[in-house]
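Engineer: Right, I'll just put the structure down here and ask away after.
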Amino acid sequence: MNVSIDESGCIGCGLCTQVCPEVFEMGDSGVAEVIMEEVPENLEDSVQEAADSCPVEVITVE
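The letter at position 36 of the sequence shown is residue 36 when you use the UniProt record's numbering, and the numbering goes up by one with no holes.
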């Protein structure tokens, strides 16, 4: 599984960082960033939950 964020659309709510801090963090610019693009199998459910919870739907999971 790979994950990415369209940082231009992120509103910086931080929900993804709360759901899966192993993969997402808040960057210096105030928006979320992916810190682990290739997601290990044990974190796939958390990453999917973060994507599903994103209020502006800018997290892409492949």
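In this text, a Cβ means the ideal position worked out from N, Cα and C, and glycines have one as well. Keep in mind that this is a model prediction, so the values were computed, not measured.
How would you call I5, buried or exposed, if buried means at least 16 neighbouring beta carbons within 10 angstroms?
Structural biologist: Buried: at least 16 other Cβ atoms inside 10 Å.
Engineer: Within the continuous beta strand (DSSP E) that includes S8, where are the two ends?
Structural biologist: Taken as a continuous stretch (DSSP letters only), S8 belongs to no beta strand (DSSP E), as it is neither H nor E.
Engineer: Should M1 and V31 be called a contact, given that it needs their Cβ atoms to be closer than 8 Å?
Structural biologist: In this structure, V31 does not lie closer than 8 Å to M1 by Cβ.
Engineer: Tell me the rounded alpha-carbon separation between E49 and V19.
Structural biologist: Straight-line Cα distance between these residues: approximately 7 Å.
Engineer: CA-CA distance, E25 and T60?
Structural biologist: Their Cα atoms are separated by approximately 16 Å.
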